[in-house]
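Numbering follows full-length UniProt numbering, in which position 13 of the sequence shown is assigned residue number 13; successive positions increment by one, without gaps.
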Amino acid sequence: MSKTIPGTTPFDGDAAQKGYALNKMCFSFNHKENRDAFVADPEAYMKQYGLNEQQAEAIRSKQVLALISAGGNAYYLAKFAGIFGLDMQDIGAQQTGMTKDQFKAKLVAANEQC
């Protein structure tokens, strides 16, 4: 039996191993001094954590789907997104290919159907 869901990237043991450096770096953003250090010099900060090129490019692009594909865990990626003032609606919009306003309207419409 397949445990895949079409259109999703599962976060399993393989993804956890693949994304270890990326997730470790994002976890470091729990501390303000680390967020400040990242903003001051993102390339040096990524190098400090040993990100591979796929992970570094995903960080540079700030694209959630690329970060997930690079092994990112949504919990840790939220810490990265917060540095740039992105919220869960911004992330949802990226994941669905919508603008933030379109995504918000979709949420409101779904709520009105309940």
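We put the CB at the ideal spot given by N, CA and C, even for glycine. Here the structure is a predicted model, which is why all the values come from computation and not from measurement.
Fill in: Assigned secondary structure, I100 (DSSP; H/G/I helix, E/B strand, else coil)
In the sequence under discussion, the amino acid at residue 100 is Lys, which differs from the Ile named in the question. Three-state result, K100: helix.
Item to complete: Compare the Cα-Cα distances from Q95 to each of S69, A40, R35 and report the closest residue.
Response: S69
Item to complete: Could you check the C-alpha separation between K62 and A81 for me, to the nearest Å?
Response: 8 Å
Discussion item. Is it buried or exposed, L107, if we count other Cβ atoms within 10 angstroms and call 16 or more buried?
Written reply: exposed
Practice prompt. State buried or exposed for M46, treating a residue as buried only when at least 16 other CB atoms are found within 10 Å of its CB.
Written response: buried
Worksheet item: Are the region 44 to 58 and the region 23 to 30 touching by the rule of at least three beta carbon pairs closer than 8 Å?
Response: yes
Fill in: Under 8 Å between C-beta atoms of L51 and L67
no
Worksheet item: By how many angstroms is the C-alpha of V64 removed from the C-alpha of D87?
Response: 12 Å
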